[in-house]
Amino acid sequence: MSVPADDEPELPSPDLGARRGLGLVWAVPLAAVVLAAWLLYTGYHTRGPVVTIEFESAHGIEADKTAVVYRGVAVGKVRSVRLDEPLSKVLVEVELHAEMADALRSDTRFWIVRPRLSVAGVSGLETLLSGDYIAVHPGEGEPRKHFVALKDPPNLIYDEGLRIELTAAERGSIGVGSPLLYREIRVGEVLGVRLADDRKVHIDVFVQQRFQHLVTTTSRFWNVSGFAIEGSLSGVKVRTESIESMLIGGIAFHNPDEVERGKPVAEGASFPLYESVEAAAVGIAATIRFARADGLVAGTTKIRINGIDIGVVQRLSYRPDLSEVLAEAMFDPRFESLLNTGTQFWLVKPELSAAGASGFDTLLAGRYIAGQPGDGMPTRSFIALAGAPGLPADAAGLRLWLDAPRVGALAQGAPVTHRDVKVGSVQQVELDQDRQGILVDVHIDPAYVDLVHPDTRFWRRGRTAIDLTARGLDVSLPSVADLLAGGIEFQTPAYRRTANGVLPAERRRFHLYEDFGAANADGRLSTGADADAVLRVVLESDEQPALTRGAPVYFHGVAVGEVVRSWLNRAGQVRTELHIDASHRERVRADSRFWVSGGASVSIGTAGFEWHSGPLAGLLLGAISFDSDGGEPAASGQRFRLYPDRAAAFAGHATATRVELRADTLDGLASGAPVRHLGVEVGRVDGAELADGGGVRLLLSIDSAHAAKVGARTRFWRIAPVEFRAGLDGIELRTAVADTILRGGIEFADLAPSTSQTPAVYELFDDAEAAERGGTSIELRLALQSRIGPKAEIRYGGARVGRVQRLRLAGDALRAQVLLYDEAAHLARTGTRFREVSAEIGLGGVANLDTLITGAYLELVPGPGSPERRFVVGGADASGAQVGALHVLLEADRVGSVRVGNPVQYREIAVGAVEAVSLGDLGDRVVITARIDAPYVALVRENSRFWNVSGLDVEFGLVSGLKLRSGTLETIAAGGVAFATPGGAGTVKGEVEGAELPEQPGPQVAEGASFRLHERPEPEWLEWAPSIPLLIGEPVASDRRAASGAQAEQP
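In our numbering, the protein residues as written are 24 to 1074.
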């Protein structure tokens, strides 16, 4: 709506005039300007200093973010990060708070703090959240604005405490942060390690205030870094102070109890740092002079008395001309009384002497100085002996002097023995007063003083002696110790204790003989310790027999004494004195007859050439034998007639029983060979002749005293000169006595069953085992390439049931004479098979490895027929023939990888094995003989299919792709044969005229049935699964068993 013009209001007119001064509107800007000026002024006067820090790398440092921290408080921040002009360093500009201005001195240190993990510990973990920062530590010196950052954080100690300095020749494992330990408690740590101008290592150590009173002027510091190992024959000792010091090094100290407690030390005190606690030990200083320094090691070589360590060699010094070595030692103050003029020291080192092996503990623990305490004036200087000193003159026991023109290798410390038991020792060897001989000072231990008698004889040990005695050839070789230092042995002819147990002084000098032979020239020492128990026998003869001193005396082949001496009596007869051992004196009776049995005799007659000899000792020295019928025991000194031989001794005197033996061959038995019972000679072989029915007839003579031992249960066997047997349980080697090795021998015992009757002629078995087990003799026919040898075993079920006695060539084969032991004799019957078992090594595995040691053997598989004595050994198949097994013939174009012993499988289960591979009669095919074990014979039917499952079968086609078929691992490696029989699911097309085979199994086949061996199976064959009862646990039909052949060779 509009307002009329005449209705409009009138407006007032403005009053215009000139402005005077500034308005209030300018007050605010002026106030802002004043405030800004004030802020600029105060900011300029209150801002902190800006410094430049030089770093190797700027990793972790960021401008306007990385802080500068002092004692956990931020005191600045990084302003910028840039490279210097050569681009070799990083320059970091840092602005610090104003209160840090006075801290920027030349000794001020900067470093980067980031997480660190080391054996000394973990640090800087707080930076995982806040990030790396720059730490600062104020220092002294001139003001500075440019600094070089430290590469590693310093070890700063802000606590109050004591700072000391240690000096060492080497740093070892000690570093910054290594602990200072007192009784394995941490009381401080290492602040720094440096190499000083004096070329020594100076170590700055901080001791906490509460422990600083433990450090005194007498404190000793040593390095405990790592661990120390000390080995000796008594064990190994491992020493370490703590796990921390073992890892990062450490220092330990203590205050010796042996000295007066020291005074507190001032800041910066210096101490030496020793290598070990032993080197830091407090003790008494003394010196020992040695001619040589061999085996002496400063800080290591210990000083011992009676096995107790009393000191250690600290330092070695030498004379200018190297004529003497001075060992400066530190002794334990507790043993100060031992340091006197009477104490003696010497260096112990490995030594082999007649006294025995000594000092061999030093091979591990090192050589040491041994001491022997004495009495005298106190001293601190000693001269080392060349070796251990002898016993003092007044030592308990018996002191003797032995004189001799020479003593060989006899030396101080050599043992004095009685019957090889040490009873004393040689104390000194020196020239006698006239310097024409040698005097040996001998000490006898108190416990053996009564062994020495005025008639005692001493001789030197350590000489090689070869002596033929009644016990055989005695070769005495000295020990290495005897060769090095010699020894002395003594013996008394008649053992008697002296009345008061001690020899008078005037009887304590004896002669030292060269050897036992010289000491026993009259034979008084040969009879042993108890002379009264020895039987002395005197023999008379018209002529001097071929005997020497020491010749053996035999009773039934056992040495029971020896010849002592021979002499002529006034009547011109030769008398020979024998000594019979006390344990055999009852063998000599009043009617005993003695004859010369040593040496050898040769006879030539119609029977040929014959050599007869006794044992080796008798052959060289001569020998005497005797026998007795009974009667009273002989008295000592009784006289007997000595006959030239046994025949003369028993002429007209029947004393033997005749026994006849039958043997296949003489095989080393000679006339005169001994016949033994329980190892004792009770007879001899009188002769041998050919028997009418073949073989050899042996005639034996059994002494009448032992004739009753031969009866119905007696069995005789040969004594093998050498018996060797090897097996997985070890190797056994036995040898007979010397006369048996030369002439053979026979032994007998009651081994036959109690129901046996006394035979007119006894059988001679090959050995003791054959005699003990008895048996039946059979004959086997083997191939020429057979590995069976003489003495080969016959086994049944793993047990030995016989042995091959001998082998001979018979045309194109080998004939083996075998003894089946009594317990297996009934197994020799028709149908029984023998198979050769030897080691097999091939791709299919290994078997029978024990035969590599024991040799091949024959495994017996019993048959059901009648008794039989001749057999043909089959092949070397490891599976062996079985009763009721089926053999089939497989024909193939080539043998491929089929080998004897390969498995025959049915549904991948071994049911037989390949026994033979040969060419067909016309050479146009290969014929493989496969054996199907008895339980699985029913699986083979006329329509069965056989194929080769050796290796892998691979088929590849562009459309069909890759097909890979394989058998078991065994057939892949070594080959095999498989078969299937129709039945169950699936049908098969026949091979003859395309006819369809029935799905059910065909008739069973007979022994020797033929089949084609296919290269690979048809797919349908693998689907056959007929239900055919197996013959496991059922009897096998006798008709097929007979068809398989008994493998018995008819005579």
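Just so it is clear, CB atoms sit at the ideal spot from N, CA and C, and this is done for glycine as well.
Just so it is clear, the structure is predicted and the values come from calculations on it, not from any experiment.
Residue environment for Gln-780: exposed (fewer than 16 other C-beta atoms within 10 angstroms of its C-beta). The beta carbon of Leu-361 lies closer than 6 angstroms to those of Pro-396 in the same chain, with the five residues before and after it left out. One thing to note: Gly-184 has its Cβ no nearer than 8 angstroms to the Cβ of Val-136.
Looking at the DSSP output, His-534 bridges to Asp-426.
Taking 8 angstroms as the cut-off, the beta carbon of Arg-105 is found no closer than this to the beta carbon of Val-73. Around the beta carbon of His-466, 16 or more other beta carbons lie within 10 angstroms, which makes this residue buried. The Cβ atoms of Val-733 and Phe-788 lie no closer than 8 angstroms to each other. Excluding sequence positions up to five before and after Asn-871, its CB lies within less than 8 angstroms of the CB of Val-860, Ser-861, Ala-862, Glu-863 and Ala-901, all in the same chain and listed in chain order. Counted as a single uninterrupted DSSP element, the beta strand (DSSP E) harbouring Gly-394 occupies residues 391 to 395.
A Cβ-Cβ separation of about 7 angstroms places Val-927 in contact with Val-937 under the 8 angstroms criterion. The continuous stretches of beta strand (DSSP E) do not include Glu-846, and DSSP gives it neither H nor E.
Counted as a single uninterrupted DSSP element, the beta strand (DSSP E) harbouring Thr-440 occupies residues 438 to 441. C-alpha of Arg-852 to C-alpha of Arg-699: approximately 37 angstroms in a straight line. When rounded, the separation of the alpha-carbon atoms in Arg-342 and Val-224 is 30 angstroms. DSSP places Phe-673 outside both helix and strand once states are collapsed to three, so it counts as coil. Where Arg-796 is concerned, the enclosing alpha helix (DSSP H) starts and stops at 791 to 796. When secondary structure is reduced to three states using DSSP, Gly-198 falls in the coil class, being assigned neither helix nor strand.
Looking at the DSSP output, Tyr-785 shares a beta bridge with Leu-684. Listed in chain order, the non-local C-beta contacts of Glu-290 below 7 angstroms within the same chain comprise Leu-185 and Arg-186, local neighbours out to five positions each way being set aside. By the neighbour-count criterion, in which 16 or more other beta carbons inside 10 Å mark a residue as buried, Thr-89 falls on the buried side. Note that the C-beta distance between Gly-998 and Ser-973 is below 8 angstroms. Listed as beta-bridge partners of Gly-510 by DSSP are Arg-484.
Rounded to whole angstroms, the gap between the alpha carbons of Gln-596 and Val-561 is 12 angstroms.
With contacts defined as CB atoms closer than 8 angstroms, Val-199 and Leu-218 fail to qualify as a contacting pair. For Pro-166, same chain residues with a beta-carbon under 7 angstroms away, outside a window of 5 residues either side, are Leu-127 and Arg-128 in chain order. Judged by beta-carbon spacing, Ala-407 lies beyond the 8 angstroms limit of Leu-296, meaning their Cβ atoms are not closer than that value.
Cβ contact annotation for Arg-831 (same chain, cutoff 6 angstroms, sequence separation greater than five): Arg-838, in chain order.
For the options Gly-334, Leu-203 and Val-884, the alpha carbon positioned closest to that of Tyr-819 is the one of Val-884.
Straight across, the Cα-Cα distance linking Glu-193 with Arg-243 is about 17 angstroms. Of the residues Glu-1030, Gly-285, Ser-1050 and Ala-1001, the one whose Cα lies closest to the Cα of Glu-1041 is Ala-1001. Taken atom to atom, the span from the alpha-carbon of Val-98 to that of Val-336 is near 58 angstroms. Cα atoms of Ser-589 and Ala-743: separation of roughly 37 angstroms, rounded to the nearest angstrom. Taken atom to atom, the span from the alpha-carbon of Lys-814 to that of Asp-773 is near 24 angstroms. Bounds of the beta strand (DSSP E) holding Ile-331 are 331 to 341.
Annotation for Ile-307: the continuous beta strand (DSSP E) segment containing it runs 307 to 313. Burial state of Ser-651 is buried, judged by a 10 Å Cβ sphere holding 16 or more other Cβ atoms.
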